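The sequence shown maps to residues 1 to 247 in the UniProt record's numbering. No residue lacks a Cβ here, since even glycine has one placed at the ideal position from N, Cα and C. Here the structure is a predicted model, which means the values were calculated and not measured. Structure first, then comments.
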Amino acid sequence: MIESKTEVKEGVDFFELVNERRSVRIFDPSIAIPEEVMVECLEAAILSPNSSNLQLYNFIRVPSSSSFKDKLADLCMGQKAAKTAQELVVVVARRDLWKSRAKANYDYIKASYAGKPDKKLNQALGYYGNLIPKLYRKFPGWSQIKQLIAWWIGNRRPMVREVSETDVRISVHKSASLASMTFMLALKSCGFDTCPMEGFDSKRVKKLLDLPKEAEICMVIGCGKGTTEGIYGKRFRVPSDQLYKTV
Ligand SMILES: Cc1cc2nc3c(=O)[nH]c(=O)nc-3n(C[C@H](O)[C@H](O)[C@H](O)COP(=O)(O)O)c2cc1C
């Protein structure tokens, strides 16, 4: 397996990789994903861009050897992509971790700043010490107040409008999704396949994995060596002019 990674590093074309990645619904039960491959792919995933570098997600690995695997596959509505997967990876959006992650960024910036305190440093510290708490803190009515403030400021100058509680949740899921995509491409580059799934009972999955109330499941990714019959038909996309344009 490591060999296939080396091959990639020697030059598997990125576009080929993107083209070859398919959502695979049936995995080969006899081929396990080596531990080092999983770790390297997860390490690649966490390098993905993420909103404000808050890294508000966790990947939870549920390998075939885990007592949770069969129960989790059942909670993925018994989908073959989950049942036959060698490993399931639950991507959890962790909006609730904002305080500790903001502090980690704040402390990192402060500790790594070599020069005398200046405007740039104060701006960076203000971002994590003042702006992020304003956006992420929660109390009744705050979401509406934030929207009102954004509307008020936005009437006078360009302003970020996505400040409501729902917007914050979407932002956290965006970052978790980007990390998921990196993970899936990384696994593909190592010769393995994936199937992202949102067909699961989130309430029961959270209970099974003992996740806090505020955690949200972004997706569950079935992982393994794909089989030919696991690819359900030729890939379909609507015409490109409906999907991208230049203005
Ligand atoms: C957020 C998300 C959720 C998905 N949920 C499921 C799912 O529950 N079950 C499934 O079989 N495929 C699921 N898919 C896979 C899509 O159906 C698949 O990506 C799409 O049909 C395009 O096919 P391709 O990935 O092979 O290019 C999901 C994909 C994404 C991105």
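Unbroken alpha helix (DSSP H) run spanning residue i, endpoints
| i | result |
| --- | --- |
| Ala93 | Counting along the chain, Ala93 falls outside any alpha helix (DSSP H), though it belongs to the beta strand (DSSP E) covering 87-93. |
| Phe14 | 14-20 |
| Met77 | No alpha helix (DSSP H) holds Met77; DSSP gives it neither H nor E. |
With 16 other Cβ atoms within 10 Å as the buried cut-off, status of residue i
| i | result |
| --- | --- |
| Thr6 | Here the model assigns Thr6 a pLDDT of 42, short of 50, so the residue's position is not dependable, and the following value carries that caveat. With fewer than 16 Cβ atoms within 10 Å of its Cβ, Thr6 is classed as exposed. |
| Thr246 | exposed |
| Glu36 | exposed |
| Lys83 | buried |
| Ile132 | buried |
| Tyr232 | exposed |
| Asn19 | exposed |
Residue from the options with nearest C-alpha to residue i
| i | options | result |
| --- | --- | --- |
| Ile33 | Asn53, Val62, Asn50 | Val62 |
| Lys103 | Arg161, Ile170, Phe183, Ser52 | Ser52 |
| Asn122 | Tyr136, Lys134, Asp107 | Asp107 |
| Val205 | Ser112, Val92, Val172, Ala186 | Val92 |
| Asp70 | Asn58, Cys195, Leu88 | Leu88 |
| Leu42 | Cys218, Leu185, Lys207 | Leu185 |
Residue i beta carbon near ligand 1 (any heavy atom closer than 6 Å)
| i | result |
| --- | --- |
| Met219 | yes |
| Met197 | yes |
| Arg169 | no |
| Ala81 | yes |
| Ser52 | no |
| Arg22 | yes |
| Arg204 | no |
| Arg235 | yes |
Distance between beta carbons of residue j and residue i, contact taken as under 8 Å
| i | j | result |
| --- | --- | --- |
| Trp98 | Leu56 | 6 Å |
Enclosing beta strand (DSSP E) for residue i [first to last residue]
| i | result |
| --- | --- |
| Arg61 | 57-63 |
| Pro196 | 193-197 |
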